[in-house]
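Below is one structure; the comments refer to it alone.
Residue numbers (the numbering used here): 70 to 721.
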């Protein structure tokens with residue numbers, strides 16, 4: 070009893086301390102009912118007495134879906150035997166919410182239960198963060214401005230074309246529509262154009278313009294429900310009541326302030342002073358969060374440069390995994406040499422084509438382990454890539470220590486493909502013979518595989534080299550290896566497109582379907598696939614949450630109903646499972662599926678493999694419920710199969 074009294078006194082003391090600091094403290098046990106000893110500040114925040122009330126209902130009195138989610142999560146926490154696992158579920162509880170027009174921050178801690186010593190209790194500290202929230206809103210607005218500036222500066226020609234189309238619509242096309250068409254046609258055309266412009270300008274992050282276009286679209290939508298009551302003159306008057314051309318003014322003023330008054334006066338050309346770019350970078354650093362910086366700064370900086378090593382960064386891992394697949398072990402390697410800054414857009418086709426070269430180095434170049442041993446070579450092969458700048462030219466050398474090029478094999482294939490007569494082949498030097506490997510449809514492989522044999526790879530590489538005004542030379546020693554040397558002109562730098570949620574959603578869908586078919590059978594019947602953009606995540610029976618942090622920051626959730634969850638369990642776990650253990654096993658299966666989906670999907674995300682961290686999946690069981698994420702965009706798919714439903718969401 071003494072220990073209980075001491076602990077009670079300690080909580081009361083902390084309660085008074087937090088009251089003076091403007092923070093609330095409450096506790097509750099496994100039944101989720103708030104204990105009688107709570108601080109006065111809680112009463113002020115929640116608007117009345119809270120003892121003997123269920124905590125989820127207190128904070129979500131008007132949202133039963135959210136209350137159910139919190140209830141299910143808290144029950145998972147109280148049932149956890151390991152602190153580490155409990156902390157994973159605590160991270161899913163709401164950290165911030167709006168109560169009685171106030172923004173409240175919530176912190177959670179599992180403590181001893183003084184009322185039931187055999188059980189744990191949950192302590193919640195509540196802090197009003199309304200001022201902080203308003204400041205964050207301002208910071209977010211500023212971050213949005215910097216993102217808009219970076220997007221437009223980096224995609225100026227597309228932006229300028231969009232602005233010109235908007236000006237043409239208001240100056241000419243709108244008058245043509247109104248003059249020559251009926252009320253319903255006028256309405257439909259104008260509504261469609263406004264919706265299109267809203268989407269176009271939203272791609273550049275033009276917040277003010279998009280907001281005004283959205284307001285006009287909403288007003289048009291309302292009119293559409295009673296269009297039969299409007300005359301032609303009335304619909305025209307209504308449309309002209311909007312100052313459409315002024316919609317862009319606020320965003321245009323911001324652009325001129327950030328990029329200079331001359332920015333929009335150069336026609337199709339864009340010029341931004343370097344000092345302005347550095348100023349924008351400093352503003353991004355000072356205004357934006359670390360994650361926002363990693364998203365926005367590359368857009369600004371890549372107005373000036375793009376690292377060639379970064380362009381090639383995916384190839385070492387790709388080559389190593391391909392070598393493992395073909396059972397030709399190689400030493401891992403990095404892209405070595407000068408760290409050159411290049412025009413990403415102009416070099417992109419060439420960079421992609423280099424995949425054929427790395428693939429050929431493994432598939433054609435390197436020998437099997439057995440043959441390397443027979444030749445007295447090390448069992449593990451080597452592939453290298455080196456970059457250098459020689460005067461105004463870029464040199465890229467890709468070499469392997471494999472079998473080299475067999476000239477007799479080239480001669481035989483050249484005759485088979487009727488590229489040369491036997492007499493002409495005898496006159497060709499080795500350098501001229503090597504040129505034949507770059508011919509369209511030329512391949513030394515007798516069998517067409519998923520990797521090679523169609524003779525298109527090196528032809529594509531040389532085509533991209535020639536587009537850049539460059540050259541490629543091949544140096545080879547039989548049984549010693551081959552080196553390809555690419556010489557390319559150095560050119561001016563432009564910018565890149567940022568990664569978007571929809572870019573990541575499609576690979577998630579494709580990988581999820583592949584995994585379902587793999588485990589549930591290739592005859593799995595996909596009845597429907599529906600894409601959505603919502604403010605709440607719908608949860609089915611089992612929902613897995615996993616964080617992605619870094620260059621792309623998001624929370625991914627995969628939710629499955631009970632029917633398909635049990636089907637997966639039966640396919641992936643061979644042992645007989647008692648009904649009381651089904652929940653636990655299904656959670657493990659869903660978590661494993663989530664890991665597989667993310668692991669396979671992430672390979673398709675452009676340019677971010679080395680710049681993201683994937684968290685650990687946490688699985689919640691709930692009969693039903695929705696989870697909202699205030700201020701976050703939620704994109705997803707609902708897949709209905711003959712074995713049950715699956716939801717895939719990206720919360721960004």
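Cβ atoms here follow ideal geometry from the backbone N, Cα and C, with glycine treated the same way.
Every value quoted in this text rests on a predicted model; they were computed, and no experiment measured them.
Rounding to the nearest angstrom, what Cα-Cα distance links residue i and residue j in this structure?
i: residue 45; j: residue 325; result: What is shown of the chain runs 70 to 721, which leaves residue 45 out entirely.
i: residue 544; j: residue 573; result: 40 Å
i: residue 302; j: residue 126; result: 54 Å
i: residue 639; j: residue 653; result: 14 Å
i: residue 706; j: residue 599; result: 5 Å
i: residue 119; j: residue 146; result: 22 Å
i: residue 242; j: residue 234; result: 10 Å
i: residue 611; j: residue 631; result: 7 Å
i: residue 226; j: residue 220; result: 11 Å
i: residue 264; j: residue 189; result: 54 Å
i: residue 298; j: residue 304; result: 10 Å
i: residue 643; j: residue 157; result: 28 Å
i: residue 669; j: residue 395; result: 19 Å
i: residue 460; j: residue 527; result: 27 Å
i: residue 617; j: residue 664; result: 12 Å
i: residue 222; j: residue 140; result: 47 Å
i: residue 129; j: residue 136; result: 5 Å
i: residue 112; j: residue 187; result: 28 Å
i: residue 329; j: residue 278; result: 20 Å
i: residue 576; j: residue 110; result: 48 Å
i: residue 627; j: residue 106; result: 39 Å
i: residue 236; j: residue 672; result: 41 Å
i: residue 566; j: residue 258; result: Low confidence applies to residue 566: its pLDDT is 46, below 50, so where it sits in the model is not reliable, and the reading given next is rough at best. Spanning the two alpha carbons is a distance of roughly 31 Å.
i: residue 645; j: residue 629; result: 22 Å
i: residue 592; j: residue 230; result: 47 Å
i: residue 323; j: residue 282; result: 18 Å
i: residue 159; j: residue 100; result: 17 Å
i: residue 383; j: residue 185; result: 56 Å
I'd like to check one pair, residue j with residue i: are the Cβ atoms closer than 8 Å?
i: residue 530; j: residue 426; result: yes
i: residue 203; j: residue 320; result: no
i: residue 716; j: residue 609; result: yes
i: residue 712; j: residue 660; result: no
i: residue 479; j: residue 506; result: yes
i: residue 581; j: residue 688; result: no
i: residue 533; j: residue 422; result: yes
i: residue 402; j: residue 446; result: no
i: residue 434; j: residue 469; result: yes
i: residue 192; j: residue 143; result: no
i: residue 683; j: residue 615; result: yes
i: residue 419; j: residue 296; result: no
i: residue 462; j: residue 552; result: no
i: residue 124; j: residue 97; result: yes
Taking 7 Å as the limit between beta carbons, can you name the residues of its chain near residue i, skipping five residues before and five after?
i: residue 114; result: 93, 168, 171, 173, 195 and 197
i: residue 641; result: 588 and 658
i: residue 548; result: 444, 472 and 473
i: residue 457; result: 406, 407 and 464
i: residue 239; result: 313 and 314
i: residue 155; result: 146, 149 and 179
i: residue 199; result: 171 and 172
i: residue 476; result: 499 and 502
Residues in the same chain with beta-carbon distance under 8 Å from residue i, minus the five sequence neighbours each way, listed in chain order, please.
i: residue 287; result: none
i: residue 436; result: 397, 444, 446, 450, 471 and 472
Whole-angstrom Cβ separation of residue i and residue j, contact assumed at under 8 Å?
i: residue 709; j: residue 605; result: No, residue 709 and residue 605 are not in contact; Cβ-Cβ is about 19 Å, not under 8 Å.
i: residue 391; j: residue 428; result: 6 Å
i: residue 450; j: residue 404; result: About 18 Å; that fails the 8 Å criterion.
i: residue 311; j: residue 285; result: 5 Å
i: residue 555; j: residue 579; result: Not a contact, Cβ separation roughly 33 Å.
i: residue 352; j: residue 448; result: No, residue 352 and residue 448 are not in contact; Cβ-Cβ is about 55 Å, not under 8 Å.
i: residue 102; j: residue 132; result: So it is not a contact: roughly 19 Å between Cβ atoms.
Looking at the ligand MG, does it come within less than 7 Å of residue i, judged from the CB to the closest heavy atom?
i: residue 218; result: By its list of ligands, the structure shown contains no ligand whatsoever, and the ligand MG lies outside what it can speak to.
Strictly by DSSP, which residues pair up with residue i?
i: residue 174; result: 165 and 196
i: residue 715; result: 629 and 708
i: residue 493; result: Residue 493 pairs with nothing; no bridge assigned.
i: residue 539; result: In DSSP, residue 539 forms no bridge with anything.
Can you name, in chain order, every residue of its own chain whose Cβ lies under 6 Å from the Cβ of residue i, other than the five neighbours on each side?
i: residue 260; result: 289
i: residue 276; result: 213
i: residue 378; result: 404 and 408
i: residue 602; result: 704
i: residue 519; result: Unreliable positioning characterises residue 519 in this predicted model, as indicated by a pLDDT of 37, which lies under 50. A coordinate reading is not provided.
i: residue 165; result: 174
Could you confirm whether any beta carbon from chain D is found closer than 8 Å to the beta carbon of residue i?
i: residue 140; result: Included in the structure is just one protein chain, with no chain D present.
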